[in-house]
Each structure stands twice: as structure tokens, then as C-alpha cells.
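Number of protein chains: 2
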Amino acid sequence: MNEAPAVQRPGLRERKKARTRAAIREHALRLFREQGYDATTVDQIAEAADVSPSTFFRYFPTKEDVVLLDEFDILAVGAFEAQSADLSPVAAFRAAARSAFGSLGADELARLRETAELTLTVPEIRARAMDEFARTIGVIAEAAARRSGRDPNDFAVRNVAGAIVGVIMAATMPWSDWAEEAAGSDMLDRIDAALAHLEAGLPL
Amino acid sequence: MNEAPAVQRPGLRERKKARTRAAIREHALRLFREQGYDATTVDQIAEAADVSPSTFFRYFPTKEDVVLLDEFDILAVGAFEAQSADLSPVAAFRAAARSAFGSLGADELARLRETAELTLTVPEIRARAMDEFARTIGVIAEAAARRSGRDPNDFAVRNVAGAIVGVIMAATMPWSDWAEEAAGSDMLDRIDAALAHLEAGLPL
DNA sequence: AGCTAATTGACAGTCACTGTCATAAACGTC
DNA sequence: GACGTTTATGACAGTGACTGTCAATTAGCT
Chain A
291 MNEAPAVQRP
301 GLRERKKART
311 RAAIREHALR
321 LFREQGYDAT
331 TVDQIAEAAD
341 VSPSTFFRYF
351 PTKEDVVLLD
361 EFDILAVGAF
371 EAQSADLSPV
381 AAFRAAARSA
391 FGSLGADELA
401 RLRETAELTL
411 TVPEIRARAM
421 DEFARTIGVI
431 AEAAARRSGR
441 DPNDFAVRNV
451 AGAIVGVIMA
461 ATMPWSDWAE
471 EAAGSDMLDR
481 IDAALAHLEA
491 GLPL
Chain B
291 MNEAPAVQRP
301 GLRERKKART
311 RAAIREHALR
321 LFREQGYDAT
331 TVDQIAEAAD
341 VSPSTFFRYF
351 PTKEDVVLLD
361 EFDILAVGAF
371 EAQSADLSPV
381 AAFRAAARSA
391 FGSLGADELA
401 RLRETAELTL
411 TVPEIRARAM
421 DEFARTIGVI
431 AEAAARRSGR
441 DPNDFAVRNV
451 AGAIVGVIMA
461 ATMPWSDWAE
471 EAAGSDMLDR
481 IDAALAHLEA
491 GLPL
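Those protein sequence lines, which keep their order, are chains A and B. Note that the working numbering has the first sequence beginning at 291, numbered continuously upward. Note that the working numbering has the second sequence beginning at 291, numbered continuously upward.
Okay, structure coming up:
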């Protein structure tokens, strides 16, 4: 499937694909913003993006996946493994998160916030995002295992990863009246504070 | 599985309702076991339980909700608040979980395991369960706040709750080759070990 | 027995999602 | 430029979860 093309080729086909994908996502997010998630049908998105409904599902397996395109954990994991080995896993992850967030451009940050908003708001997407969180535990555990030279299936390693994801969940989830307060403070700052708190041993 | 049996009124109507509900859930779980979750349609469940498909949705808003009937966290929260106040939140929750699990009968434990199995196996249900986990964070946070006399919206309180849920997730989620090993060891023991590890400060 | 409110079933409809098949565009090759 | 191959696409039909409405039955109360 690869190898054949020259080392560097934008590829006309892939450029069209990327453009189609971007168009679908863009119009979808716009429609979600304008009419709400549930009120927007896949057919509407397809029509707005000027593709057939079939094509929509070729680019995104489900309607929710238009929103759930994190790719961010990969970024974080890379930074995670780059941290010095004498840091505790939680401290290393915290530093990695700061670094990864810092490397994002303003537009990427904006999109991240918009998708995060939808992720936390729409129950359907939120549920799926949790599943992604579970997957993220595995990714973090693997990285932590590589960093410490332990087995990726080691119970303690997975437990640390679970705790990390857990406090991130707690820091990003909207709560009753907390929601407005959360909108004020910065999500990334809250994540950092949560990791710091975990790092300190969760003192009350 | 005793509702409010004889406060003053069993209520013939409510007894029928409870029986219908139980019949639907029972047949649904059996069919899931026999044919798998996806291969089982709501119509099949309805027919097996001898009700109309409409009635199914009157008892369970979604197909997934047949499985997702935890009610357990309520039990745990009760035990949680009963723990002595000098224990750390994590230690108190751990003791509460042990106590709550211990109070379950053999049949309740069996159903708990069966639903847990489905919850961890079927992606659709697993995602929803994660949403339940998020809700559980809130419940635990409220209980912890009451126990320590703090604000339920306190950041640290919520963070502790998040960490607890996180390690429970890590301990119960099936991973690649871990799955078989997990099937061997006891889920409740793993949860207890995870809480102990968190209580000890997540040493690697 | 008679009245009221709840429970139910039948029915039609929406929408996410899947599969198949034919067309057309893009790629590599001569 | 003509050729086969691969790939993206659209039209279409179908499944199944879920929603709404309406009429018939049934429990509950007087």
C-alpha cells in the first residue's frame, strides 16, 4: 500500500480527501453550533458539505466521530516519554501535558475547546469520549511502562494511568452549578491543577 | 432485589409492573448470553418477555439500560458515610466498598458479575457505563463533602472522587491479554487492590 | 356497577448505520 | 495519448433503535 510513491508527494487524491474531510467536519461543527447536535442529521451535514450521505460514513464511522478526533493523547504521549526519568509518573505526565498544550497553535486550541465543549455537553458524545478515556489509560500505561522499564500490563502502572485519567475527568466534567464557573476558568489550567493535586497525594 | 414491598401497599398494579420489568430484564440478559448483545433485537426481547416492543421502551429508555442498573453506588455511598471520620477519603471509600460488597447476597453478586461482564465487553454499553462513572464521581464527591464538611463543589474533593473512579476503571477494564488474567482473578479483589494502591500514594 | 387514570399494543414514522453495485476520477505504465 | 488498475463516490435498499399518537384494555377507587 505504500513504498511505491516517491518520498515526498502531496498526492492529488489525498489532497482532495483531506479537503473533503475538512469540509465535512467544518460544516458539521457549524451546524451543531447553529441547530444543536441532535437536531442536525447526517443528511444535512452531507448536503452542506456537498457530498452524499454514504460518503460521510466513509470519512467518519459514526456521527459522533466528527467531534471525537482527539489525536491529542498521541502528542501528550510523545512529550511524556521525553520527560526525564527521575520524575514520578504523575509529575512527568503533568509536565508532558503542559508541553503538549503549549505547542498548539491558537486555531488548534480554539478547535480543541469547541470540540471539548460538545464532548462535555452532548451525552451521546460524552459517553463515547469516556470510552476514549479508557483507551487513553492504556496508552498512558504503555508509555509509563516504557519509561520505567516495567511491564505494560503491570497492575501498578495501569493504576497510575487510571488515576491520571480519573482526575482529568473530574477536572473537565461539567457539574451542576460548577458549569459556569468552569466556563470562566481555563480547562487546561484545571487539568494542570488536578494533576498537581494528584502528584501531592490528594490532600484534603 | 426487594423494592418497597410492604410499607403499606404492595399495590397490585405495581406488582405487575415489577414483574414485567423483571421479566424483560431476565429474558434480555438470557438472550444476550445466548446470542450476543448486537444480535439480539428489542423485538426479540419483547416477544420473549411477552410484551409489545412499545412496552419495552416504556420500561427501559434504551436497549443499553437493561444492563445498566447499577444502584450499587448508592449502597456504597451509604457505607461510605458510615466510616469513621479519621480515615482518609480513599481509605474510607475502600472500607465502604468492602462492606457494601460483603453485604450482597450470592445471587446479587452473580447478577452484578454478569452485568459487569456485559458492561466491559460491549462497546456500546461500556461507553454508557463510563458516563455513569462520571455521574458516580459526583455522587462520591457529594458524600465525601458531607463527610469532611466541605463544599461539594470543592475542587480537591472532586479530584479525589475522580482519582477513585479512575483507578476503579483501570482495575475493571479489560486489556488485550490482560482480559483472561482478569477473568481468573476476582474483580472485587482487583478493585480493593487498586484502592489500596491509591491510598498508598501510587508508588511504582 | 361506574368513573378515572394508568398501562398497553398497534401503527407509522425518523434517523443512524450497513451493504452492494455501477460510475467516474486519479494513478501508474506503455 | 491510450490502456488497465485502483480508489473515491453516489444511488439504492435494507436493518434496527427509538419516538409519537391513538384506541382499547385494566387496575384503582367510590
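Using N, Cα and C, we set each Cβ at its ideal position, and we do this for glycine too. Nothing here was measured: the structure is a model prediction, and the numbers come from that model.
- Query: For glutamine 373 (chain A), which three-state DSSP category applies?
  - Reply: coil
- Message: Assess contact between the region 307-323 of chain B and the region 373-387 of chain B, defined as three or more Cβ pairs (one per stretch) separated by less than 8 Å. Is contact present?
- Response: no
- Would you kindly check if the distance between the Cβ of phenylalanine 383 (chain B) and the Cβ of phenylalanine 370 (chain B) is under 9 Å? yes
- Secondary structure at methionine 463 (chain B), three-state DSSP: helix, strand or coil? coil
- Query: For glutamate 354 (chain A) versus isoleucine 415 (chain A), is the C-beta distance shorter than 9 Å?
  - Reply: yes
- Assigned secondary structure, valine 429 (chain A) (DSSP; H/G/I helix, E/B strand, else coil): helix
- Kindly indicate which three-state DSSP category lysine 307 (chain A) falls into: helix, strand or coil? helix
- How close, in whole Å, do the beta carbons of alanine 417 (chain A) and methionine 420 (chain B) come, if the pair is a contact with beta carbons under 8 Å? 6 Å
- Query: Mind checking glycine 428 (chain A): buried by the 16 CB within 10 Å criterion, or exposed?
  - Reply: buried
- Message: In this structure, how does DSSP classify valine 357 (chain B) when only helix, strand and coil are distinguished?
- Response: coil
- chain B contact for alanine 366 (chain A) (CB, 9 Å cutoff): no
- Message: Output needed for alanine 339 (chain B): all residues of its chain with C-beta closer than 6 Å, excluding positions within five of it in sequence on either side, in chain order.
- Response: Ala313, Ile314, His317
- Could you tell me whether the Cβ atoms of leucine 492 (chain B) and alanine 453 (chain A) are closer together than 9 Å? yes
- Item | Span of the alpha helix (DSSP H) around proline 493 (chain A) | From DSSP, proline 493 (chain A) is part of no alpha helix (DSSP H); its letter is neither H nor E.
- Query: Do three or more CB pairs link the region 322-330 of chain A to the region 406-414 of chain A at distances below 8 Å?
  - Reply: yes
- For threonine 331 (chain B), the three-state DSSP class (helix, strand or coil): coil
- Can you name the residues of chain B whose CB is closer than 9 Å to the CB of histidine 317 (chain A)? Chain B residues near histidine 317 (chain A): none, gap ~25 Å exceeds 9 Å.
- Query: Nearest-angstrom Cα distance between arginine 437 (chain A) and phenylalanine 347 (chain B)?
  - Reply: 49 Å
- Which chain A residues are close to proline 268 (chain B), counting only those with a beta carbon under 9 Å from its beta carbon? Look at the range of chain B in this structure, 291 to 494, and you will see that residue 268 (chain B) is not part of it.
- Query: So what's serine 342 (chain B) in DSSP terms, helix, strand or just coil?
  - Reply: coil
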